[in-house]
Amino acid sequence: MIVGRLFLEFALLSFVAFGGATALLPEMHRVVVEQHHWLDDATFTHLYAIAQAAPGPNVLVVTLIGWEVAGPAGALAATLAMCLPMSILIYLLIDRWEGFAGRRWQKAVSLGVAPLAVGLIFSGATLIAQAAGLGWAGAGLVLATVALNLRTKLHPLWLIAGGALLGLAGLV
């Protein structure tokens, strides 16, 4: 049954969701598009774009994928699978984790998760850029946006508006 397989796949993914659902995009793509062929590249990319455009949490992409694959039952299964298993695990382990505060291995785990999350998010951004056909102009816009974001106090909406204007003008 596809809903059960959808639940199982996303439940397994939930255990490596450091950095949120967006960080798992490459693995979600591998499972949903390449392994099970539930979606094609274009549909996967469109669902991600819709999820990012809509207000709400990044996990919305999982709900949309579930909906596209198996309707309302798929949306519910994928969302619960992404949120429930790790939530239960954290609930059961949080008291023990706090008991190990200050231990060397706990600090190492805490410090190791940050670069892992950054790497996963970067690989997800690379996947979406490839699927969107990001050319040299688009890559330049990404680099310029990152540089401006790091070096100025411009509100990100100004950068988004600038990118939109360049896109409307056909430059990107």
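Residue numbers (the working numbering): 505 to 676.
A virtual CB, placed ideally from N, CA and C, is assigned to each residue, including glycine.
With C-beta atoms as the reference, is residue i less than 7 Å away from residue j?
| i | j | result |
| --- | --- | --- |
| L568 | A555 | yes |
| A651 | V676 | no |
| N707 | A525 | Since the displayed the chain opens at 505 and closes at 676, residue 707 lies outside it and no answer follows. |
| L517 | L510 | no |
| V535 | E513 | yes |
Quick one, which of the options has its alpha-carbon nearest residue i's?
| i | options | result |
| --- | --- | --- |
| A585 | L675, V676 and A515 | A515 |
| T547 | V613, I632, A577 and Y595 | I632 |
| P576 | R655, L654, P660 and I506 | I506 |
| Q634 | V537, W662, D545 and G508 | D545 |
Throw me the rounded Cβ distance for the residue i and residue j pair, which I believe falls under 8 Å.
| i | j | result |
| --- | --- | --- |
| V566 | T549 | No, V566 and T549 are not in contact; Cβ-Cβ is about 15 Å, not under 8 Å. |
| A558 | G570 | Their Cβ separation, rounded to whole angstroms, is 15 Å, which puts A558 and G570 out of contact at 8 Å. |
| T649 | G667 | 7 Å |
| L645 | L661 | The Cβ separation is near 16 Å, so there is no contact. |
| P619 | F519 | Going by Cβ atoms, the distance from P619 to F519 rounds to 18 Å, so no, they are not a contact pair. |
| L551 | E572 | 6 Å |
For residue i, which residues of its own chain have a beta-carbon under 7 Å away from its beta-carbon, when the five flanking residues on both sides are left out?
| i | result |
| --- | --- |
| A636 | T549 |
| H533 | F548 and L631 |
In chain order, what residues of the same chain lie with their CB nearer than 8 Å to the CB of residue i, ignoring the 5 residues before and after it?
| i | result |
| --- | --- |
| G628 | T526, A527, L528, L529 and P530 |
| L658 | L652 |
| H540 | R509 and E513 |
| A581 | V507, G508, L510, F511, F514, G570 and A574 |
| C587 | S518 and V563 |
Within the 7 Å Cβ cut-off, does residue i reach chain D?
| i | result |
| --- | --- |
| G628 | Going by chain labels, chain D is absent from the structure shown, which holds only one protein chain. |
In chain order, what residues of the same chain have a beta carbon less than 6 Å from the beta carbon of residue i, not counting five sequence neighbours either side?
| i | result |
| --- | --- |
| W601 | none |
For this session: Run through the stretch 596 to 643 for me and flag every whole alpha helix (DSSP H) of 4 or more residues, listed as ranges in chain order.
Result: 608 to 635
Problem set entry | Continuous beta strand (DSSP E) assignments of at least 3 residues falling wholly in the stretch 561 to 601 | none
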